[in-house]
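Written out below as structure tokens is the structure these notes cover.
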Amino acid sequence: MSKPLPPFQRFLDTHRGEVWRLICASVPRSEADDCFQETFIAALRAYPRLRAGSDLRAWVLTIAHRKTLDAHRARARRALPVADVEEHGTRTTADARPGETSRDEALWSAVGALPQRQRSAVVLRFLADLPHRDIASAIGCSEDAARRSLHEGLTKLREVVPA
Amino acid sequence: MRNEKRNTPAWLDQVLRAGPPHSTTGTPHDADATALADLRSAAARLARRIAAEGLADVSYTNADSPFGPLLLAATKRGLVKVAFPEQDVDDVLERLARRLSPRIVEASAPFDDARRELDEYFAGRRREFALPLDWALVGPFGRRVLHFTAKIPYGGVSSYRQAATAAGSPRGSRAAGNALGANPIPIVVPCHRVLRSGGALGGYGGGIDRKRWLLGLEGAIPASSDAARSSG
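Printed below as a string of structure tokens:
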């Protein structure tokens with residue numbers, strides 16, 4: 000017998016911190032709140048149809064990832080047509096704080112500047128701690144392609160931010 | 000995994016796992032209280048939106064009482080569950096998730112009327128509840144017993160036998176007693192007003208001391224002086 004679905008509030012309390020973290024790593028702070036709302040509203044709507052025993056953590060983090068992509072797309076539509084969406088960083092100067100130019104900050108702005116697939120792969124692997132199979136289905140590509148995107152992303156991060 | 004290990008120095012792995020500064024609510028950036036405040040405000044906005052759009056099937060809250068905090072749960076139809084303080088909240092919610100729907104969220108506003116009516120009742124200023132009820136947790140026989148019970152007036156009492164008779168099963172006193180003991184909406188559906196035929200108090204799901212206290216409050220028996228909080 001698989002475990003029945005927990006009451007939604009418990010599910011929300013358990014995963015909201017990680018969802019918030021993943022969202023903050025993927026979109027500018029000004030969009031994080033909306034992404035958070037959209038993630039849990041979508042989860043709440045779909046919740047009763049979920050099979051008991053599902054991996055709730057992977058499920059909600061995958062939804063959150065999808066909502067951050069929606070936010071990127073919405074931003075791209077608002078932006079000037081010349082802007083290159085793929086190379087558009089998520090960190091804005093408004094997010095940076097005076098006097099904080101640490102390696103961590105630099106690294107995360109480099110993550111924000113990665114092409115979308117590589118950024119997704121890095122965020123889903125390291126923040127969401129998802130296996131390659133789940134990363135592949137979240138991105139919508141093969142497992143090999145997900146591995147490649149992750150590898151390329153990490154290589155780029157090492158170039159941009161030397162240890 | 001191997002792939003990343005080769006490709007990821009320890010520091011990079013660590014920084015990536017920690018998440019961007021000012022986003023984490025755990026280590027190692029938890030010194031930044033704004034992250035937590037932002038998450039809290041996002042969660043509060045989410046709760047308001049769920050309530051405003053009616054997206055939950057069941058909501059629940061705590062309500063103060065002389066017995067301690069009661070857990071109240073309601074569907075869109077009405078109040079569906081009142082749980083005494085000693086009942087494990089997670090256990091109650093898990094049962095509701097299985098019986099009704101897992102779309103259960105905490106919400107205070109839908110219970111404003113219930114909270115007010117309970118306050119008035121416990122203060123002796125209310126003799127009957129005007130709250131909509133949902134009988135979804137009660138079977139057909141139990142429903143007949145509890146419908147009868149709901150009509151026993153404030154200050155009055157009835158017997159298990161009368162409850163059984165009213166439910167169409169005159170010899171079913173024991174079954175009526177079980178149905179009353181399983182009343183999911185105690186206090187509001189006054190199962191405490193049903194006693195043994197001889198006048199002995201009988202049982203109560205919330206403990207016999209509480210039954211005595213409630214009957215005392217309503218003036219059906221001399222008021223009990225001992226603490227309402229203890230369960231029997």
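Chains as they are written, first to last, in numbering that gives the first Met the number 0: chain A, 0 to 162; chain B, 0 to 231. Don't be surprised by glycine CBs; every beta carbon is placed ideally from N, CA and C.
Between the CA atoms of residue j and residue i - distance to the nearest angstrom
i: Glu142/A; j: Pro139/B; result: 54 Å
i: Val159/A; j: Lys2/A; result: 45 Å
i: Val79/B; j: Ser101/A; result: 54 Å
i: Pro19/B; j: Asp12/B; result: 13 Å
i: Ala105/A; j: Gln117/A; result: 17 Å
i: Gly218/B; j: Gly154/B; result: 5 Å
i: Phe10/A; j: Asp90/B; result: 15 Å
i: Asp208/B; j: Val144/B; result: 23 Å
i: Trp212/B; j: Arg44/B; result: 41 Å
i: Arg47/B; j: Gly53/B; result: 10 Å
i: Ser108/A; j: Ala55/B; result: 38 Å
i: Ala135/B; j: Lys210/B; result: 24 Å
i: Leu95/B; j: Leu71/B; result: 12 Å
i: Asp111/B; j: Asp103/A; result: 47 Å
i: Arg142/B; j: Ser157/B; result: 17 Å
i: Gly25/B; j: Pro8/B; result: Since pLDDT at Gly25/B reaches only 46, below the 50 mark, its modelled position is unreliable, and no value is offered.
i: Gly176/B; j: Tyr159/B; result: 6 Å
i: Gly77/B; j: Ala51/B; result: 17 Å
i: Arg228/B; j: Val187/B; result: Low per-residue confidence applies at Arg228/B: pLDDT is 49, beneath 50, and the placement is therefore not dependable enough to give any value.
i: Ala82/A; j: Leu113/A; result: Note that Ala82/A has pLDDT 44, beneath the 50 cutoff, so the model's placement of it is unreliable and no number is given.
i: Leu129/A; j: Leu123/A; result: 6 Å
i: Arg74/A; j: Pro183/B; result: 50 Å
i: Glu85/B; j: Pro6/A; result: 20 Å
i: Ala174/B; j: Val137/B; result: 13 Å
i: Asp133/B; j: Pro27/A; result: 44 Å
i: Asp133/A; j: Val121/A; result: 13 Å
i: Ala17/B; j: Pro161/A; result: 18 Å
i: Ser223/B; j: Arg192/B; result: 15 Å
One or two residues paired with residue i in a DSSP bridge
i: Val57/B; result: Ile103/B
i: Arg158/B; result: Residue 158/B is actually Ser in this sequence, not Arg. Leu194/B, per the DSSP bridge assignment.
i: Leu132/B; result: Leu78/B
i: Ala72/B; result: Tyr59/B and Lys80/B
Rounded distance between the beta-carbons of residue j and residue i, thought under 8 Å
i: Ser58/B; j: Ala73/B; result: 6 Å
i: Pro185/B; j: Val81/B; result: 6 Å
i: Ser62/A; j: Ala42/A; result: For the sequence presented, residue 62/A should be read as Ile rather than Ser. At roughly 6 Å, the Cβ-Cβ gap stays under 8 Å, so Ile62/A and Ala42/A are in contact.
i: Leu126/A; j: Arg20/A; result: 6 Å
Proximal residues of chain E, C-beta to C-beta of residue i below 9 Å
i: Ile40/A; result: Protein chains in the displayed structure are A and B, and chain E is not among them.
Beta-carbon proximity of residue i to residue j, cut-off 9 Å
i: Arg65/A; j: Glu17/A; result: no
i: Ala149/B; j: Ala162/B; result: no
i: Arg195/B; j: Gly204/B; result: no
i: Glu127/B; j: Pro152/B; result: yes
i: Leu115/A; j: Leu153/A; result: Residue 115/A is actually Gln in this sequence, not Leu. No. Outside cutoff.
i: Val59/A; j: His14/A; result: yes
i: Ile40/A; j: Ile49/B; result: yes
i: Glu8/A; j: Glu93/B; result: For clarity, residue 8/A is Gln in the given sequence; the question names Glu instead. Not in contact: Gln8/A and Glu93/B (Cβ atoms no closer than 9 Å).
i: Val110/A; j: Leu69/B; result: no
i: Ser136/A; j: Ser25/A; result: no
i: Gly67/B; j: Leu216/B; result: no
i: Ala62/B; j: Arg114/B; result: yes
i: Phe147/B; j: Ala166/B; result: yes
i: Leu4/A; j: Ala70/A; result: no
i: Gly206/B; j: Phe83/B; result: yes
Meets three-Cβ-pair contact criterion under 8 Å: the segment 45-55 of chain A and the segment 94-107 of chain B: yes
Segment contact flag, the segment 119-135 of chain B with the segment 22-36 of chain A, C-beta cutoff 8 Å, min 3 pairs: These segments do not touch.
Any 3 or more C-beta pairs closer than 8 Å across the segment 31-40 of chain B and the segment 148-156 of chain A: no
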